[in-house]
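Asker:
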Ligand code: PLP
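Right, dumping it as structure tokens:
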């Protein structure tokens, strides 16, 4: 069957033919490809066409597709049982592996998605402080829970407006949305409402509006304000966690949040999220504390084995050096290619995660991201896909390099981009 035939068949049974909206290619147009298999950095679609993958399942596949050690661990775990619904050694081992990387984490609760990790963080922040208001930042994405699916409002003190019908206004209005990288706005908000704010949740590098680095002092201000006002600070490192050799952005910049949300790489491609923090705080969750949280498949043995094998391979000498080298090669290659084509392009990078902006400057906030030439993206996307290079089917998504990407593969992507950039240049 062709991709189109699969898509038409899918649309008869799945909402919009997909199980997560962006996969429907609505932002770029065309028929989504259906993939049959992946190996390393290469994906094969239903028509037998191969593409180099820079989505990597939106981040989890830091070792590429079907890494042999990971596949073996998953197979062995599944052979013992696909689910116990009871404690198993794998969840202890993965928790220990995460703790070795993140000094701020003493205790962990595993869940099945990043959404659940941030949702649990909110419940804990509210439950512990006895306060209701949460602060998030415009352009940061923390999954689709009611309290966090709240769009940017205009101005620093805008009360949350739900992004989707179905979110009660009474829930959304407890979420205060501030501009990213604007420490003064945060100071102003805390000066007025600090005693009612349970916590702040932030992507320490914003990975859902392209990839936007934190401005100097921004995260430090959040740490300082939350500490002074008795609120909690949660870093959402669902994208950034394990993408740098240190324990997340937090360790790289030397800031300790109260809570850390993880997902993606920690499960190596299986459905895993995690919330971690100091023991005293985390012990307020059930069964030790009163803040309830649970999950039938939490700590699932197959998922834990997948995450553990991924972290083990990742920690082998040389893996992060490879990730850094490939990330840098792509960053420099794309930048040079755009410059030669006379196309304004800014590339941001954190290890093996990159952001592309059709703009001469790196944007610092959602407003600035929106002002870049995102309208060029669909033509870029299709130009690259036609040449065998799969980027995210939506502008302003991060792109991901895995340790399986070879130097030659990245060089071929850069050559493809050079051709496409020439067609886009003014
Ligand atoms: N937090 C961040 C920073 C994310 O990028 C995402 C998903 O992309 C989530 C949370 C939600 O994770 P999930 O899609 O696993 O629910």
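Numbering (our numbering), first residue to last: 7 to 432.
Note that beta-carbon positions come from the ideal geometry of N, C-alpha and C, so glycine has one too.
1. My assumption, with CB atoms under 8 Å, is that residue 228 sits in contact with residue 208. Please give the rounded CB distance.
2. Rank 74, 115, 331, 100 by C-alpha distance to the C-alpha of residue 284 and give the top, closest one.
3. Nearest to residue 141 by CA position, among 16, 193, 337, is which residue?
4. Can you name, in chain order, every residue of its own chain whose Cβ lies under 6 Å from the Cβ of residue 8, other than the five neighbours on each side?
5. What's the call for residue 127, buried or exposed, on a 16-neighbour Cβ count within 10 Å?
6. Verify whether the separation of the beta carbon atoms of residue 68 and residue 358 is less than 9 Å.
7. Nearest to residue 190 by alpha carbon, out of 224, 305, 79, 293?
8. In three-state terms, what does DSSP make of residue 139?
9. Less than 9 Å separating the beta-carbons of residue 45 and residue 396?
10. From residue 387 to residue 35, what distance separates their C-alpha atoms?
11. Which residues in the same chain as residue 401 place their Cβ atom closer than 6 Å to its Cβ, once the five residues preceding and following it in sequence are excluded?
12. What does DSSP give as the partner residues of residue 240 in its beta bridges?
13. If you follow the alpha helix (DSSP H) that residue 193 is in, where does it begin and where does it stop?
14. Rounded to whole angstroms, how far is the Cβ of residue 58 from the Cβ of residue 419, which I believe are closer than 8 Å?
15. Are there 16 or more other CB atoms within 10 angstroms of the CB of residue 421, so buried, or fewer, so exposed?
16. On a CA-only basis, which of 19, 20, 51, 14 is nearest residue 391? Give me that one, please.
17. Pick out whichever of 27, 374, 389 has its Cα sitting closest to the Cα of residue 215.
Answerer: Quick look at the numbers:
1. Yes, residue 228 and residue 208 are in contact; Cβ-Cβ is about 6 Å, under 8 Å.
2. For the residues 74, 115, 331, 100, the minimum Cα distance to residue 284 belongs to 115.
3. Checked all of 16, 193, 337; the closest Cα to residue 141 is 193.
4. Taken in chain order, the residues that qualify are 53.
5. When all chains shown are included, residue 127 counts as buried.
6. Contact: yes.
7. Ranked by Cα distance from residue 190, the first of 224, 305, 79, 293 is 224.
8. Secondary structure of residue 139 (DSSP, three-state): strand.
9. No, the pair does not count as a contact, with Cβ atoms beyond the cut-off.
10. Distance between the alpha carbons of residue 387 and residue 35: 10 Å.
11. Excluding positions up to five away in sequence, the list reads 380, 383.
12. According to DSSP, residue 240 bridges with 207, 265.
13. In the DSSP annotation of this structure, the continuous segment of the alpha helix (DSSP H) that includes residue 193 starts and ends at 189–199.
14. The C-beta distance from residue 58 to residue 419 rounds to 6 Å, short enough to meet the 8 Å contact threshold.
15. Under this definition residue 421 is an exposed residue.
16. Of the candidates 19, 20, 51, 14, 51 places its Cα closest to the Cα of residue 391.
17. Nearest option by C-alpha distance: 374.
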